[in-house]
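Undergrad: Chains as they are written, first to last, in UniProt numbering: chain A, 1 to 155; chain B, 1 to 155.
Protein chains: 2
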Amino acid sequence: MNDVKPPQAAARPVTTSVVFRLGTLGSVVTARYTEALAEIGLKPKHVGLMVALDSGAPPSQLELARTMAVAPSLVVSLADHLEQIGAVDRVRDPADRRRQVLALTGAGRALLAECAALAHRLDEEVTAALGASEREALRRTLGVLGAEAGLPTHD
Amino acid sequence: MNDVKPPQAAARPVTTSVVFRLGTLGSVVTARYTEALAEIGLKPKHVGLMVALDSGAPPSQLELARTMAVAPSLVVSLADHLEQIGAVDRVRDPADRRRQVLALTGAGRALLAECAALAHRLDEEVTAALGASEREALRRTLGVLGAEAGLPTHD
DNA sequence: TATTGTTATACTCTATAACTATA
DNA sequence: TATAGTTATAGAGTATAACAATA
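(1) For B/Asp93, which of helix, strand or coil comes out of DSSP?
(2) With a cut-off of 8 Å on the beta carbons, I'd call B/Leu22 and A/Leu142 a contact; round off their distance for me.
(3) Starting from the beta carbon of A/Asp155, find every residue of chain B whose beta carbon is closer than 7 Å, and list them in chain order.
(4) Quick one: residues in its chain with C-beta nearer than 7 Å to the C-beta of A/Pro44, no 5 flanking neighbours on either side, listed in chain order?
(5) Starting from A/Val14, trace the beta strand (DSSP E) both ways and give me its first and last residue.
(6) With a threshold of 16 other CB atoms inside 10 Å of the CB of B/Thr16, please say whether the residue is buried or exposed.
(7) Looking at chain A, is there any beta carbon in it that lies within less than 7 Å of the beta carbon of B/His46?
(8) Cutting at 8 Å between CB atoms, please list the residues of its own chain near B/Ser60, excluding the five before and the five after it.
(9) Quick one: any contact between the stretch 126–143 of chain A and the stretch 133–141 of chain B, if contact means 3 or more CB pairs under 8 Å?
(10) For chain B, find out if any of its Cβ atoms is closer than 7 Å to the Cβ of A/Asp89; answer yes or no.
(11) Which ranges would you report for the alpha helix (DSSP H) in the UniProt domain "HTH marR-type" (15–147) of chain A if only whole runs of at least 4 residues count?
(12) On the premise that B/Leu145 lies in contact with A/Val14, defined as a C-beta separation below 8 Å, what is that separation, rounded to the nearest angstrom?
(13) To the nearest whole angstrom, what separates the beta carbons of B/Gly108 and B/Ala87, a pair I think is in contact under 8 Å?
(14) Please confirm if A/Ala116 has its CB atom under 7 Å from at least one CB of chain B.
(15) Classify A/Asp96: buried if its beta carbon has 16 or more other beta carbons within 10 angstroms, exposed otherwise.
(16) Measure how close the beta-carbons of B/Asp123 and A/Val91 come, nearest whole angstrom, since I'm counting them as under 8 Å.
(17) Counting only the same chain and skipping the five closest in sequence on each side, list residues whose C-beta sits under 8 Å from that of B/Thr153.
(18) Give the interface partners of B/Asp123 over in chain A, defined as CB-CB distance under 7 Å, in chain order.
(19) Answer with buried or exposed for B/Asp54, where buried requires no fewer than 16 other C-beta atoms within 10 angstroms of its C-beta.
(20) State yes or no: is the C-beta of B/Leu82 within less than 7 Å of the C-beta of B/Pro72?
(21) Does B/Arg139 get closer than 7 Å to chain A when you measure Cβ to Cβ?
(22) Taking only the alpha-carbon atoms, compute the straight-line gap between B/Leu64 and B/Met50 and give it to the nearest angstrom.
(23) Looking only at its chain, what residues have a beta carbon closer than 6 Å to the beta carbon of A/Leu118, apart from the 5 residues adjacent to it on each side?
(24) Less than 7 Å between the beta carbons of B/Gly41 and B/Met68, yes or no?
(25) Taking its Cβ as the centre, do 16 or more other Cβ atoms sit within 10 Å of B/Ala129, making it buried, or is it exposed?
(26) Within 10 angstroms of its Cβ, does B/Gly26 collect 16 or more other Cβ (buried), or is it exposed?
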């Protein structure tokens, strides 16, 4: 006699994997954060560049491209925009005039703080279904995995 | 006297938010999963469509587009490919000949199981730094948030 | 006339390649 | 000749708009 089979194709459906759940949730959450950032004229990658600068990454554009794992040409356009709104200074390295050295300005630090506030406000919506200790455990665990993957992670 | 300030721009840096960590980790993990899927000729959205079908979502292409929150034209091309490799059947609804009704074939269920195996294998790499109970807690918490966001989540 | 699916087209994001200037 | 940055071009992914078949 045949066993009764569940509608799922596998004993361990793909939907139960951390990979699937991280990927789908990450994309939903990033879409919402992108929407929030749009109101201050930024994209997630602008935040990524400011985070890299704030974390003390080597500040030449090429080094930043390596840190962020994006093409150097993308750093150019991100830096163009951030410079235009006064969030970063861009000065030629006097020791090697080929290098453009980026630095967050005071306004840039304030803008980054605003991005952080938006993210933490979204956190409350996204994690509303969790208890305080679950939320903290999640933050902490994601921090561990992020650090493992070479992502910038304070704490 | 001045307080000593950390290099970070804010008391709660954006990098500590669940939103930032989920977004960045999700994108890293999805990139790795995309790479793994490429070896069986699939993209993550193909998996998403098969998951929707396997989860009993309404199977017309337009309804699937709504379920997946993508454009109907994208469902066409995903279904084209899955049909071509024999993973889905596509039959006109006799009751309404405008509707194309999709269904996973046996081969499709086997393919989806393969995608699940790839994901769970990647899980082991991605969560290698975690203890077994931390890993389970993470899976469970991501499941809660995913369900909250309307994502397919068995268990 | 409204709806499903399809095809044609366009847009966004990002990369690669070509180029300029400095070394 | 090699490297940092920039600009030009191209590709992937996905959306919107136009269209065909069916209701």
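Ideal Cβ positions, reconstructed from N, Cα and C, are used throughout, including at glycine.
Bear in mind the structure is a predicted one, so any value in this text is a computation, not a measurement.
TA: Walking through what the data contain:
(1) Within the second sequence, the letter at position 93 stands for residue 93 of chain B. Reduced to three states, the DSSP call for B/Asp93 is coil.
(2) As a first step, residue 22 of chain B is located in the second sequence; it is residue number 22 there, counting from the start. As a first step, residue 142 of chain A is located in the first sequence; it is residue number 142 there, counting from the start. About 6 Å; that satisfies the 8 Å criterion.
(3) Walking along the first sequence from the start, residue 155 of chain A turns up at place 155. Under the 7 Å cutoff, chain B gives Thr16.
(4) In the first sequence, the residue the question calls residue 44 of chain A occupies position 44. Thr30, Tyr33, Thr34, Leu37, listed in sequence order.
(5) On the first sequence, residue 14 of chain A is found 14 positions in, with the first residue counted as 1. Here A/Val14 belongs to no beta strand (DSSP E), and DSSP marks it neither H nor E.
(6) Working through the second sequence from its first residue, we reach residue 16 of chain B at position 16. Buried, since its Cβ has 16 or more Cβ neighbours within 10 Å.
(7) Numbered from its first residue, the second sequence carries residue 46 of chain B at position 46. It does not; no Cβ of chain A falls within 7 Å.
(8) Locating residue 60 of chain B in the second sequence gives position 60, counting from the first residue. Within the same chain, B/Ser60 has close Cβ partners Asp93, Arg99, Gln100, Val101, Leu102.
(9) yes
(10) If you number the first sequence from 1, residue 89 of chain A lands on position 89. Chain B contact via Cβ: absent.
(11) 18–38, 44–54, 61–68, 72–84, 106–126
(12) In the first sequence, the residue the question calls residue 14 of chain A occupies position 14. In the second sequence, the residue the question calls residue 145 of chain B occupies position 145. Not a contact, Cβ separation roughly 17 Å.
(13) As a working note, residue 108 of chain B is residue 108 in the second sequence. As a working note, residue 87 of chain B is residue 87 in the second sequence. Between B/Ala87 and B/Gly108 the Cβ distance is about 4 Å, and since that is below 8 Å, they are a contact.
(14) Counted from its first residue, the first sequence places residue 116 of chain A at position 116. Yes, contact with chain B.
(15) Locating residue 96 of chain A in the first sequence gives position 96, where the first residue counts as 1. Exposed.
(16) As a working note, residue 123 of chain B is residue 123 in the second sequence. As a working note, residue 91 of chain A is residue 91 in the first sequence. Between A/Val91 and B/Asp123 the Cβ distance is about 45 Å, and since that is not below 8 Å, they are no contact.
(17) Locating residue 153 of chain B in the second sequence gives position 153, where the first residue counts as 1. Within the same chain, B/Thr153 has close Cβ partners Gly143, Gly146, Ala147.
(18) Working through the second sequence from its first residue, we reach residue 123 of chain B at position 123. Those within 7 Å of B/Asp123 in chain A are Ser17, Val18, Val19.
(19) Counting from one through the second sequence, the residue named residue 54 of chain B turns up at place 54. Buried is the call here.
(20) Stepping through the second sequence from its first residue, residue 82 of chain B is reached at position 82. Stepping through the second sequence from its first residue, residue 72 of chain B is reached at position 72. It is not a contact, given that the beta carbons lie outside the stated cut-off.
(21) What you label residue 139 of chain B is simply residue 139 of the second sequence in a count that begins at 1. B/Arg139 counts as touching chain A.
(22) Along the second sequence, read from residue 1 onward, the residue named residue 64 of chain B stands at position 64. Along the second sequence, read from residue 1 onward, the residue named residue 50 of chain B stands at position 50. Rounded to the nearest angstrom, the two C-alpha atoms are 10 Å apart.
(23) Along the first sequence, read from residue 1 onward, the residue named residue 118 of chain A stands at position 118. Excluding residues within five positions, the ones whose Cβ falls inside 6 Å are Ala36.
(24) As a working mapping, residue 41 of chain B is identified with position 41 in the second sequence. As a working mapping, residue 68 of chain B is identified with position 68 in the second sequence. Their beta carbons are not under 7 Å apart, which means B/Gly41 does not touch B/Met68 by this criterion.
(25) Stepping through the second sequence from its first residue, residue 129 of chain B is reached at position 129. Its Cβ having fewer than 16 others within 10 Å, B/Ala129 is exposed.
(26) Counting from one through the second sequence, the residue named residue 26 of chain B turns up at place 26. Per the 10 Å Cβ criterion, buried.
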